[in-house]
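Residues in the sequence shown are numbered from 0 upward in steps of one, following numbering that gives the first Met the number 0.
We put the CB at the ideal spot given by N, CA and C, even for glycine.
Here the structure is laid out as structure tokens; the discussion comes afterwards.
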Amino acid sequence: MNRTQLQRHSPLISLFVAIATLPVMFSSTTQAQNWSTIEQDIITEQNRVRQNPRSYIPLLEAHLASMDANGGIPNGCGPNCTLQTREGQAAVREAIAFLRNQPALNPVELSSSVAQAAKVHAIDQAAGATGHIGSDGRDPGQRFRQQGIQALGWGENIAYGSPTAQAVVRDLIIDDGVLSRGHRTNIFNPDWTHSGAGCGDHVAYRNVCVIGYIESRGAQQNGDRSEIMPIPEGNQLTVIHNGTVELRSLQVGNTNILGRSLAPEQSRNIVLDRDQCRADLRIQLAGNYAPLDWSGVRLCGSVLSINEQNEFVLQYQRRQ
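Structure representation (structure tokens):
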């Protein structure tokens, strides 16, 4: 599996793409009639493994048994076609060990609004595009806002070529070739409260399934549409972590405004007190990084980004 990840500014963001190295067999005629079922089944399967992680161990063990000594899957991409993996059996064994130790989590609630945003992107990629940015230049957060969603945080996984809902979730948990296991992190993120999936045909990989996630505290439901109470934009700091090591703390005075540590490929929205809007900031990464001190920086309405070289950029958000 080949995977890439991307973040864009918005609260708690975690985006991942899972791409099969070879197209997986699919009957387009049959599949086109069952997208709705598969989309709902993806959320069902996610909740199954969130609530009972060990329930997926037999599925992964069967997947492991189907692999040859080199980590290939005979007939995995069609008759007499071996689907090659990057890490082979090791990734599957590691995923099984993870599931044995993963505590149960609350289920996510199916949101038709999140599902519609995912569907829009899946349809947009039918001609062969991949990644999180749509043909109109919109990122997932903008697609969510088009559906009337204002969330504390959001994320997105995309899977190409997985033939069933169960295979989509299985492959994202194994996360072959992704050092950070970011797809798995999204599935088992305890902050997500709502999710929705959208699938469609894909000219290169036969199919694409987009899974959206949002974090909502105090969500209000309007029919089957998930309406999320917005947080004030004027006193929020968005942290986008595209680096390689954990962000340990963001210290303002005696307060760690970050709260819990932030892993790579995730982001977070922080609501600040008024007296924290312009302040001295100390940033601490994990490992051998010395703390970085900034004096008198504007934090409210700003975006703090960490790039792949673990460098920091602070940008002011434009007011709409």
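Own chain residues within Cβ distance below 8 Å of residue 145, not counting five before or after | As a position in the sequence shown, residue 145 is number 146, starting the count at 1. Once the five neighbours on either side are set aside, the close Cβ partners of residue 145 are 116, 119 and 137.
For residue 191, which three-state DSSP category applies?
-> Here residue 191 is taken as the residue at index 192 of the sequence shown, counted from 1. If DSSP states are grouped into helix, strand and coil, residue 191 belongs with coil.
Reduced DSSP category for residue 132 - H, G, I as helix; E, B as strand; rest coil = On the sequence shown, residue 132 is found 133 positions in, with the first residue counted as 1. Coil, per DSSP.
Specify the secondary structure class of residue 294 as computed by DSSP and reduced to three states.
-> As a first step, residue 294 must be located in the sequence shown, where it is residue number 295. In this structure, residue 294 counts as strand in the three-state DSSP scheme.
What residue does the beta strand (DSSP E) around residue 152 start on, and which one ends it?
-> If you number the sequence shown from 1, residue 152 lands on position 153. Residues 152–159.
Under 8 Å Cβ to Cβ from residue 254, same chain only, skipping five residues before and after it: list those, please.
-> As a position in the sequence shown, residue 254 is number 255, starting the count at 1. So the qualifying residues of the chain are 275.
Given a threshold of 16 other Cβ atoms within 10 Å of its Cβ, counted over all protein chains shown, does residue 103 qualify as buried or as exposed?
-> In the sequence shown, the residue the question calls residue 103 occupies position 104. Exposed, by the Cβ-count rule.
Nearest-angstrom Cα distance between residue 142 and residue 211?
-> Here residue 142 corresponds to residue number 143 of the sequence shown, with the count starting at 1. Here residue 211 corresponds to residue number 212 of the sequence shown, with the count starting at 1. If you take the alpha carbons of residue 142 and residue 211, they lie about 10 Å apart.
Please go through the same chain and pick out, in chain order, the residues whose beta-carbon is closer than 8 Å to the beta-carbon of residue 113, but skip the five residues on each side of it.
-> By 1-based counting over the sequence shown, the position of residue 113 is 114. When the five nearest sequence neighbours on each side are left out, the beta carbons in the same chain lying within less than 8 Å of the beta carbon of residue 113 are those of 143, 146, 148, 193, 194, 195, 211, 212, 213 and 225, in order along the chain.
Considering only the beta carbon of each residue, do residue 298 and residue 311 sit closer than 8 Å?
-> Your numbering for residue 298 matches position 299 in the sequence shown. Your numbering for residue 311 matches position 312 in the sequence shown. It is not a contact, given that the beta carbons lie outside the stated cut-off.
Based on the DSSP secondary-structure assignment, which residues constitute the bridge partners of residue 200?
-> What you label residue 200 is simply residue 201 of the sequence shown in a count that begins at 1. Residue 200 is bridged to 206.
Inspect the beta-carbon positions of residue 260 and residue 239 and report whether they are closer than 8 Å.
-> Position 261 of the sequence shown, counted from the first residue, corresponds to residue 260. Position 240 of the sequence shown, counted from the first residue, corresponds to residue 239. Using a Cβ distance threshold of 8 Å, residue 260 and residue 239 do not count as a contacting pair.
Can you grab the Cα-Cα spacing for the pair residue 319 / residue 308, in whole Å?
-> Taking the first residue of the sequence shown as 1, we reach residue 319 at position 320. Taking the first residue of the sequence shown as 1, we reach residue 308 at position 309. For residue 319, the predicted structure reports a pLDDT of 39, less than 50, and the residue's modelled location is therefore unreliable. A value from the coordinates is still provided. So the two alpha carbons sit approximately 31 Å from each other.
In three-state DSSP terms, what is residue 180?
-> The residue labelled residue 180 in the question sits at position 181 within the sequence shown. Under the three-state reduction of DSSP output, residue 180 falls in the coil class, being neither helix nor strand.
Assign residue 45 to one of two classes, buried (16 or more other C-beta atoms within 10 Å of its C-beta) or exposed (fewer than that).
-> Taking the first residue of the sequence shown as position 1, residue 45 is located at position 46. With 16 or more Cβ atoms within 10 Å of its Cβ, residue 45 is classed as buried.
Residue interval of the beta strand (DSSP E) (run including residue 301) | As a working note, residue 301 is residue 302 in the sequence shown. Per DSSP, the unbroken beta strand (DSSP E) holding residue 301 starts and ends at 301–305.
CB-CB under 6 Å to residue 242, same chain, minus the five flanking residues each way: which ones, in chain order?
-> Locating residue 242 in the sequence shown gives position 243, counting from the first residue. Cβ contact annotation for residue 242 (same chain, cutoff 6 Å, sequence separation greater than five): 263, 305 and 309, in chain order.
Quickly, what does DSSP pair residue 270 with across the bridge? List them, please.
-> On the sequence shown, residue 270 is found 271 positions in, with the first residue counted as 1. The partner list for residue 270 (beta bridge, DSSP) reads 235.
By the 10 Å Cβ neighbour count, where 16 or more other Cβ atoms means buried, how is residue 202 classified, buried or exposed?
-> As a first step, residue 202 is located in the sequence shown; it is residue number 203 there, counting from the start. Burial call: exposed.
Per-residue burial, residue 320 [other beta carbons within 10 Å of its own, 16 or more giving buried] = The shown model of the chain, from 0 to 319, leaves out residue 320, and the question about it has no answer.
Expected contact under 8 Å - CB spacing of residue 186 and residue 167 to nearest Å | Reading the sequence shown from its first residue, position 187 is the one you call residue 186. Reading the sequence shown from its first residue, position 168 is the one you call residue 167. Not really, about 10 Å apart at Cβ, beyond 8 Å.
In angstroms with no decimal places, state the Cα-to-Cα distance between residue 204 and residue 172.
-> By 1-based counting over the sequence shown, the position of residue 204 is 205. By 1-based counting over the sequence shown, the position of residue 172 is 173. The straight-line gap from Cα to Cα measures roughly 20 Å.
Between residue 300 and residue 233, is the Cβ-Cβ spacing less than 8 Å?
-> Position 301 of the sequence shown, counted from the start, is the residue given in the question as residue 300. Position 234 of the sequence shown, counted from the start, is the residue given in the question as residue 233. Yes, they are a contact pair.
With residue 278 and residue 247 assumed to form a contact (beta carbons below 8 Å), what rounded beta-carbon distance in angstroms separates them?
-> The count along the sequence shown starts at 1 and reaches residue 278 at position 279. The count along the sequence shown starts at 1 and reaches residue 247 at position 248. About 18 Å separates the beta carbon of residue 278 from that of residue 247, a gap too long to meet the 8 Å contact definition.
With 16 as the cutoff for other CB atoms within 10 Å, does residue 156 come out buried or exposed?
-> Along the sequence shown, one-based indexing puts residue 156 at 157. Residue 156 sits buried, since 16 or more C-beta atoms from the chains shown fall within 10 Å of its C-beta.
Grab the span of the beta strand (DSSP E) containing residue 282 for me, first residue to last.
-> By 1-based counting over the sequence shown, the position of residue 282 is 283. Unbroken beta strand (DSSP E) run through residue 282: 277–284.
Assuming residue 87 and residue 74 form a contact by the criterion Cβ under 8 Å, report the distance between their Cβ atoms to the nearest whole angstrom.
-> Your numbering for residue 87 matches position 88 in the sequence shown. Your numbering for residue 74 matches position 75 in the sequence shown. The beta-carbon separation of residue 87 and residue 74, rounded to 17 Å, does not stay under the 8 Å limit for a contact.
Apart from the five residues on each side of it in sequence, which residues of its chain come closer than 6 Å, Cβ to Cβ, to residue 82?
-> Here residue 82 refers to the residue found at position 83 of the sequence shown. Correct list, in chain order: 21, 72, 75 and 76.
Below 8 Å between beta carbons: does that hold for residue 42 and residue 91?
-> Taking the first residue of the sequence shown as 1, we reach residue 42 at position 43. Taking the first residue of the sequence shown as 1, we reach residue 91 at position 92. In this structure, residue 42 sits away from residue 91, with a CB-CB distance that is not shorter than 8 Å.
Beta-carbon proximity of residue 59 to residue 94, cut-off 8 Å | Counting from one through the sequence shown, the residue named residue 59 turns up at place 60. Counting from one through the sequence shown, the residue named residue 94 turns up at place 95. Yes.
By DSSP, does residue 108 sit in helix, in strand, or in coil?
-> Translated into the one-based positions of the sequence shown, residue 108 becomes position 109. The three-state secondary structure of residue 108, taken from DSSP, is strand.
Would you check if the distance between the CB atom of residue 244 and the CB atom of residue 280 is smaller than 8 Å?
-> Within the sequence shown, residue 244 is the residue found at index 245, counting from 1. Within the sequence shown, residue 280 is the residue found at index 281, counting from 1. If you check the CB distance, residue 244 and residue 280 do not come in under 8 Å.
Closest by CA to residue 282, which one among 302, 270 and 257?
-> Counting from 1 along the sequence shown, the entry for residue 282 is found at position 283. Minimum Cα distance to residue 282 is reached at 257.
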